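See structure below.
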Amino acid sequence: RKEVEQDPGPFNVPEGATVAFNCTYSNSASQSFFWYRQDCRKEPKLLMSVYSSGNEDGRFTAQLNRASQYISLLIRDSKLSDSATYLCVVNMLNTGFQKLVFGTGTRLLVSP
Amino acid sequence: NAGVTQTPKFRVLKTGQSMTLLCAQDMNHEYMYWYRQDPGMGLRLIHYSVGEGTTAKGEVPDGYNVSRLKKQNFLLGLESAAPSQTSVYFCASSYSKTSGAGGLVAKNIQYFGAGTRLSVL
């Protein structure tokens, strides 16, 4: 089983739609969680951290369910510029070293 | 505001050739990392460094070597390139923040360079 699993998509949505991505992780010792965004042929960039209480940044809402080992990202009012791959990332402490484990990403395509 | 800079951006090698990828960061981060990204797979950690003069193996270290002689630089070497090393290579750096009463809550926010696209023929 992969340590971090995501639906690869693509998710095709019209502008203005609401879309949600899910991610599951296998290691219950995971300590912190992130969503990164990666545009085609570019580097990953931090979109937002994910906190246990859930957090919101503009049109983006992230939630964490530790009991189910599940992370979600909700994007409201999708824009064309939201088209990208969204990487679910989990930080684990492994023998004193903090290791980021990346999902393979969920691709989002927003159309006019 | 450079952040993390990787050179070169592109390179084509023949099997058996060697090369060095350079990563430089100006954020005074302690930790630096080299990843590779292949289609259908998440980023995989090749080697990492927790400080100047230290390096350690990640998930896929075979065929690569690294050095961290200065805090701001992390070099990735391919001694004898193979077609299986065709990939996109990303360098990253991070600070690590821990906080929380009665325990540690670790944060490891990594910042990435623009990547190096390497083809080995």
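One line per chain: the protein sequences are U and S, in this order.
According to my numbering, the first sequence is numbered sequentially starting from 4.
According to my numbering, the second sequence is numbered sequentially starting from 81.
C-beta: ideal position from N, C-alpha, C; glycine also.
Predicted model only: the values in this text are computed from it and were never measured.
If you compare the alpha carbons of U:Arg44, U:Glu6, U:Pro17, U:Arg110 with that of leucine 76 of chain U, the shortest gap goes to U:Arg110.
Taking a 10 Å sphere around the C-beta of leucine 93 of chain S, we find 16 or more other C-beta atoms and assign the residue as buried.
Serine 31 of chain U carries a coil assignment under DSSP once its states are collapsed to helix, strand and coil. Chain S places a beta carbon closer than 8 Å to that of serine 35 of chain U, counting this residue as a contact.
Chain U places no beta carbon closer than 8 Å to that of alanine 104 of chain S, leaving this residue out of the contacts. About 5 Å separates the beta carbon of serine 129 of chain S from that of methionine 112 of chain S, a gap short enough to meet the 8 Å contact definition.
Look at phenylalanine 105 of chain U: its C-beta is under 8 Å from a C-beta on chain S. Contact of isoleucine 189 of chain S with chain U by beta-carbon distance below 8 Å involves Phe37, Leu49, Ser52.
Residues of the same chain with a CB within less than 6 Å of the CB of valine 53 of chain U, apart from the 5 flanking positions on each side, are Phe36, Ala65, Leu67, Ile74 in chain order.
Residue environment analysis places asparagine 15 of chain U among the exposed positions, since fewer than 16 neighbouring C-beta atoms fall within 10 angstroms of its C-beta.
Under the 8 Å criterion on CB atoms, glutamine 101 of chain U is classed as interfacial with respect to chain S. A Cβ-Cβ separation of about 19 Å leaves aspartate 80 of chain U out of contact with glycine 12 of chain U under the 8 Å criterion. Within chain U, no C-beta atom comes less than 7 Å from the C-beta of glycine 133 of chain S; the nearest is roughly 16 Å away.
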